């Protein structure tokens, strides 16, 4: 089960809105959605949580590039919403790296030719390497909420109801509960 919310920082405090991510396909789409929530170019946080598996924070400050933190990249990689956050830059990959192609054993036998010398070990090693491309554990900017009162250490230690804990630390738990 997923939960996603936008928290927009305004002069009057935080405003929360429930958000639907079905039409969001890229990080740019998500950043645009966040910017629409705050016409004054204030700070907007997109909080995404998959029950007991992972959570993500995307911070958008005006027209600046989004800052991202994901609690468990490997768990998020198995999620369509997590894949939006796991950009090549966040994972430390060169743009255009294609892990799927890297995992394939393209040695000229893919057209049905037999390769008598291949015992299958090479293909398995390549697939294992592709699986390792997404690290287990947190990735991204763990200081994304430092200036808002949530330290890197606190953020990294959050597990069960991370979105609720973040909202409480920001003084926004009541407004978040209205959209939950």
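Residue numbers (my numbering): 949 to 1128.
By construction, the Cβ of each residue, glycine as well, lies at the ideal position given by its N, Cα and C atoms.
These numbers come from a predicted model, not from an experiment.
Beta-bridge pairing of residue i - partner residues as DSSP gives them
i            : result
residue 966  : 953
residue 1007 : 993, 1015
residue 1092 : In the DSSP output, where bridge partners are listed per residue, residue 1092 has none listed.
residue 1087 : 1018
residue 961  : 958
Run of the alpha helix (DSSP H) containing residue i, from where it starts to where it stops
i            : result
residue 975  : 975-984
residue 1036 : 1036-1039
residue 1116 : 1110-1118
residue 1030 : 1028-1033
residue 1102 : 1100-1105
Per-residue DSSP class, three states only, for residue i
i            : result
residue 990  : coil
residue 1123 : helix
residue 1000 : coil
residue 1081 : coil
residue 1128 : coil
residue 1070 : Since pLDDT at residue 1070 reaches only 47, below the 50 mark, its modelled position is unreliable, and the value read off the structure follows with that caveat. Here residue 1070 sits in helix by DSSP.
Whole-angstrom C-beta distance between residue j and residue i, which should lie under 8 Å
i            : j            : result
residue 962  : residue 1081 : With 8 Å as the limit, residue 962 and residue 1081 do not qualify as a contact, their Cβ atoms being about 36 Å apart.
residue 1090 : residue 1100 : 4 Å
residue 951  : residue 1111 : 6 Å
residue 979  : residue 966  : Incorrect: roughly 18 Å between the Cβ atoms, too far for contact.
residue 1005 : residue 995  : 6 Å
**Report entry** the stretch 1013-1027 / the stretch 1085-1096 touching (three or more Cβ pairs under 8 Å)
**Finding:** By the Cβ test, the stretch 1013-1027 is in contact with the stretch 1085-1096, since at least three Cβ pairs between them sit closer than 8 Å.
Query raised in the report: Are the stretch 953-967 and the stretch 982-994 touching, with three or more C-beta to C-beta distances below 8 Å?
Result: Contact check between the stretch 953-967 and the stretch 982-994: three or more CB pairs, one atom from each, fall below 8 Å, which counts as touching.
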